[in-house]
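Working notes, structure below.
Numbering (this note's numbering), first residue to last: 2 to 721.
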């Protein structure tokens with residue numbers, strides 16, 4: 002690590018030497034040239050409402066809340082937005098990290114760090130249909146990419162708007178759009194782990210007819226923070242948009258190649274109830290524990306204003322993921338002797354693809370003295386996943402977790418397992434929905450909506466193929482809410498919403514079971530001043546017909562776990578406390594437990610700490626001089642803490658991991674070098690190198706993901 006720190010320092014010293022030679026008159030213009038405020042996409046897209054979607058850390062609107070560009074204060078459900086400025090300042094490396102300051106949201110079972118998995122209010126999984134890219138279902142394994150502009154989170158059951166999914170909520174990743182003004186940048190960053198990242202971002206008009214383009218290309222190659230491994234990722238994302246007087250058309254494509262370590266973390270020692278006593282950097286697998294693949298995404302959209310009050314929206318979304326992996330999997334451990342039983346597993350030719358079509362109408366009309374905001378339409382979704390060739394190797398006991406010798410277990414002895422191959426999940430759904438926000442007067446807003454969805458799903462595996470379940474059914478889901486405005490910038494609200502998800506299984510044949518159903522109740526209050534947005538929410542979600550997986554004799558079996566209930570309090574605040582001081586803060590109390598199950602009743606839901614809080618403060622120091630060089634300086638620091646993380650083994654036994662605490666900081670300096678605007682940023686993540694745990698997985702032998710150690714990064718961005 003020392004040599005990488007020396008490299009970072011040398012880059013900073015080189016910058017100082019270059020900057021000292023720049024023209025002094027040019028430096029007086031640095032403030033105007035280096036203002037780090039991105040143009041809002043909504044204004045460029047010709048939105049009728051001139052209210053900006055975000056201002057620094059504060060967000061005032063989010064499309065995910067009602068499938069329209071709704072003001073957050075008028076939505077009777079908790080919505081959180083991670084703005085582009087906050088993402089720029091924190092420099093998160095994953096979707097889970099970008100959301101760890103949002104109350105009630107945290108990482109779930111990511112399958113060893115290979116897939117996005119987000120828990121919302123105690124519910125969620127890595128393939129729960131809750132991940133959207135620009136409003137369309139995404140099956141990409143890594144949804145936080147260099148194209149990400151901001152992230153929206155709608156909490157609570159959301160099937161009325163988005164179809165079948167878990168009741169925790171939905172996440173919408175908003176991509177950077179083509180702009181009608183030229184902006185070009187090249188970025189280079191390095192990290193104390195070792196490795197570099199390069200990125201180019203070009204956007205601007207094509208002619209003077211309203212046509213604009215954007216091209217983002219990025220390559221990352223970084224050493225993994227534990228004792229071996231490397232992450233590589235390449236992204237190319239071209240996009241076009243035409244902004245007409247009444248019509249907007251857009252096309253976006255993103256291609257990614259990636260290779261990431263499969264790291265399931267450490268293991269809990271049942272004798273102590275804590276992770277085994279080994280250094281946190283030590284891995285129990287092999288260097289070939291890698292998932293490598295590619296993903297593609299296409300998004301086509303149009304928005305046509307029929308008149309001053311009505312707009313027609315339509316879109317097509319396609320996403321596809323293809324991957325191969327090999328891994329040395331730990332099956333069990335003799336904790337006294339340290340001997341681990343491992344075998345080589347692999348998935349080859351794993352493919353998942355999703356097609357989404359949507360057409361909806363948004364508008365306003367008055368009936369007497371009452372104003373109605375209507376949105377309604379139809380959706381179609383086809384989501385297919387097939388894992389073709391699954392390999393299994395013989396068990397091996399040559400590895401000792403206390404004195405590891407790597408390289409003794411190789412993939413050579415693995416063979417295709419016919420019984421496990423061709424794992425298939427095919428889901429097709431069609432939905433129609435309508436929602437009306439009724440403005441009864443200046444203070445009262447009544448929201449009512451309903452959706453009917455018909456779905457077909459087939460799951461199974463094996464050669465010959467064995468059907469696990471086959472379902473064809475329809476379901477109606479309502480949503481209702483009431484908003485009372487105590488003042489134009491302060492509202493109270495109450496809501497009721499439902500969700501559903503088909504009960505199907507790849508692991509074992511289960512036949513036809515009723516779908517998972519959930520009901521959510523929520524009351525709260527929202528404050529939206531000129532500079533600050535805050536939400537206080539109290540919620541109660543009840544879910545039934547839950548599936549869970551139990552491992553018996555090394556085989557995963559699917560069964561019904563009855564009911565679960567999650568209730569709690571959440572507080573989120575973001576914006577500016579003063580002209581120069583900004584904050585993002587959150588707190589969540591979540592009581593989430595199983596009920597009515599012979600083994601799990603009373604157990605907490607996995608990966609859901611009872612208490613979690615975060616607070617980040619950023620100060621804008623304005624123009625400051627470093628030697629002969631002048632530039633705009635911003636700096637921030639913050640911390641997040643969470644209480645004991647519950648981990649179950651599937652038999653009813655629950656372990657409680659130690660509480661976690663993590664502190665981060667950054668400083669940025671926007672100046673001119675050779676007459677060109679340059680943004681320098683230095684970040685420190687996990688300043689005190691704390692050991693903390695992010696999520697757990699797997700029944701039987703519970704694995705726990707470890708949070709990354711201290712990391713220093715330096716980024717330079719040239720704007721030209």
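Glycine included, every Cβ here is placed at the ideal spot set by N, Cα and C.
Along the chain, where does the beta strand (DSSP E) that runs through residue i open and close?
i	result
residue 143	From DSSP, residue 143 is part of no beta strand (DSSP E); its letter is neither H nor E.
residue 656	655-658
residue 684	677-686
residue 524	517-529
residue 214	212-224
residue 397	397-401
residue 182	Unbroken run through residue 182: none, as it is neither H nor E.
residue 596	582-596
residue 114	Note, residue 114: premise wrong, no beta strand (DSSP E); not H, not E.
residue 58	No beta strand (DSSP E) contains residue 58, which DSSP labels as neither H nor E.
residue 132	132-134
residue 699	Residue 699 -> no beta strand (DSSP E), and no H or E assigned at all.
residue 166	First-last for residue 166: undefined, no H or E at that position.
residue 54	Unbroken run through residue 54: none, as it is neither H nor E.
residue 717	712-720
residue 502	491-502
residue 124	Segment: none, residue 124 is in no beta strand (DSSP E) and carries neither H nor E.
residue 1	For the chain, the structure presents residues 2 to 721; residue 1 sits outside this window and is missing.
Quick one: what does DSSP say residue i is sitting in, helix, strand or coil?
i	result
residue 200	strand
residue 406	coil
residue 378	strand
residue 87	helix
residue 119	strand
residue 507	coil
residue 263	coil
residue 481	strand
residue 278	coil
residue 73	helix
residue 205	strand
residue 412	helix
residue 236	strand
residue 668	strand
residue 513	coil
residue 66	helix
residue 192	strand
residue 104	coil
residue 283	coil
residue 79	coil
residue 652	coil
Just curious, the alpha helix (DSSP H) that residue i is in, first and last residue?
i	result
residue 98	96-99
residue 162	160-163
Return the chain-ordered list of same chain residues with a C-beta closer than 6 Å to the C-beta of residue i, the five sequence neighbours on each side being excluded.
i	result
residue 638	666
residue 468	461
residue 720	186, 678
Just checking my contact of residue i with residue j at CB under 8 Å: how many whole Å lie between their CB atoms?
i	j	result
residue 486	residue 499	Residue 486 to residue 499, Cβ: 26 Å. No contact.
residue 188	residue 527	Not quite, the Cβ-Cβ distance comes to about 36 Å (not below 8 Å), so this is no contact.
residue 412	residue 347	7 Å
residue 314	residue 363	6 Å
residue 591	residue 569	4 Å
residue 269	residue 276	6 Å
residue 137	residue 318	3 Å
residue 66	residue 73	7 Å
residue 705	residue 359	Contact flag wrong, Cβ pair sits at about 39 Å.
residue 117	residue 110	Incorrect: roughly 11 Å between the Cβ atoms, too far for contact.
residue 608	residue 108	7 Å
residue 201	residue 213	Contact doesn't hold; Cβ gap of about 17 Å is too wide.
residue 294	residue 336	So it is not a contact: roughly 35 Å between Cβ atoms.
residue 480	residue 454	The pair is not a contact, with the Cβ atoms about 13 Å apart (cut-off 8 Å).
Spatial neighbours of residue i within its chain, please: C-beta separation below 7 Å, excluding the five flanking residues on both sides.
i	result
residue 605	593, 594, 647, 655
residue 529	61, 73, 74, 490
Using a Cβ-Cβ cut-off of 8 Å (strictly less than) and excluding sequence neighbours within five positions of residue i, which residues of its own chain qualify?
i	result
residue 133	65, 139, 163, 171, 172, 173, 174
residue 708	661, 663, 687, 691, 692, 693, 694, 695
(request) Entirely within the stretch 301-369 and at least 3 residues each: give me those beta strand (DSSP E) ranges in chain order. (result) 311-335, 340-368
(message) For a minimum of 3 consecutive residues, which ranges assigned as the beta strand (DSSP E) are wholly contained in the stretch 609-649?
(response) 612-627, 630-643, 646-649
(request) For the stretch 433-476, list the beta strand (DSSP E) runs that are entirely contained and at least 3 residues long, ordered along the chain. (result) 445-462
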